[in-house]
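With the UniProt record's numbering applied, the sequence shown closes on residue 201, and no number is skipped along the way.
Note that CB positions come from ideal geometry on N, CA and C, so glycine has one too.
Report on the structure given below.
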Amino acid sequence: MSTIFTDSIEQAASVIADGGVIVCPSEGVYGISCSVLNEAAVKRIIAIKHRSSTKGLIIVDSSLEYLREYLDTSRVDAKAMAIMDGMWPGPHTFVVPVIDEFRNAAVRDDHTAGVRISAFRPFAEICLQAKTPIVSTSANISGEDPTTDIDSLDPRITDNVDLVLTLPCGGLSASTSIYNTLTHTLIRPGPMWEEKLAKIK
1 MSTIFTDSIE
11 QAASVIADGG
21 VIVCPSEGVY
31 GISCSVLNEA
41 AVKRIIAIKH
51 RSSTKGLIIV
61 DSSLEYLREY
71 LDTSRVDAKA
81 MAIMDGMWPG
91 PHTFVVPVID
101 EFRNAAVRDD
111 HTAGVRISAF
121 RPFAEICLQA
131 KTPIVSTSAN
141 ISGEDPTTDI
151 DSLDPRITDN
161 VDLVLTLPCG
171 GLSASTSIYN
181 TLTHTLIRPG
191 PMWEEKLAKI
201 K
């Protein structure tokens, strides 16, 4: 079956809910997404990208409602919880431990996961309508450059997904922040990180 190209978030959410894989705009670049709860779809994304299965994938949701049961927040101290609460929703990813029972290809080798609560409309609405957290990883073969241009998407990606959501990306020019909640390490600073952090402190 050929790939569907559409600007319908509702249609994209339906594909996700049915276990499919889509290309979806993110805050910065186009990415590939599926339900994090569908192991076969997660593994399919890893295969499409030729990505190492040990690296894990970022998990995105519109709130912690669905994700909370999979995160081991008992290992996250009050300081890290306050930073997460102050930064979310927004383009900030936090490395958080997951519960032992959550065995998933999106989880990293050290049994943590990168988690982002996003206010970006396509992400938020897909998660709400599909009633699932989704994974997000850039829509490119591993080692190659991501793109913000729908017409520059690699056919090796678009030919192997079920749907391409053709809405524009969010216009974020900087990379999103990544913060490890266990080590209190800022792995990568992102937009407005220092300004928001100062208000939290």
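Let me confirm a value: residue i is counted as buried when at least 16 other C-beta atoms fall within 10 Å, else exposed. Which label applies?
i	result
G28	buried
D61	buried
P91	buried
I59	buried
Starting from residue i and walking both ways along the beta strand (DSSP E), at which residues does that stretch end?
i	result
G114	T112 to I117
residue 205	Since the displayed the chain opens at 1 and closes at 201, residue 205 lies outside it and no answer follows.
C34	Y30 to S35
P91	Neither: P91 is in no beta strand (DSSP E) and is coded neither H nor E.
Suppose you measure from the CA of residue i to the CA of residue j; what does that come to, to the nearest Å?
i	j	result
A17	K131	8 angstroms
G171	R103	34 angstroms
L163	I9	11 angstroms
I157	G143	14 angstroms
A78	A41	34 angstroms
P191	L197	11 angstroms
R68	A82	16 angstroms
Over the uninterrupted alpha helix (DSSP H) stretch that includes residue i, give me the two end residues.
i	result
L197	W193 to I200
T158	P155 to T158
L186	Not the alpha helix (DSSP H): L186 falls in the beta strand (DSSP E), residues T185 to R188.
V86	At residue 86 the sequence reads Gly, which differs from the Val that was named. Element bounds for G86: A78 to M87.
I45	E39 to K49
L71	Looking at the DSSP string, L71 is not in any alpha helix (DSSP H), and its letter there is neither H nor E.
P122	R121 to A130
In the DSSP assignment, what residue or residues form a beta bridge with residue i?
i	result
F5	V164
I59	V115 and V135
P97	T112
Y179	F94 and L186
Would the beta-carbon of residue i fall within 7 angstroms of that of residue j?
i	j	result
residue 209	I32	Outside the displayed range of the chain (1 to 201) lies residue 209, so it cannot be described from this structure.
I48	N160	yes
P189	S173	no
V23	V135	no
T112	P97	yes
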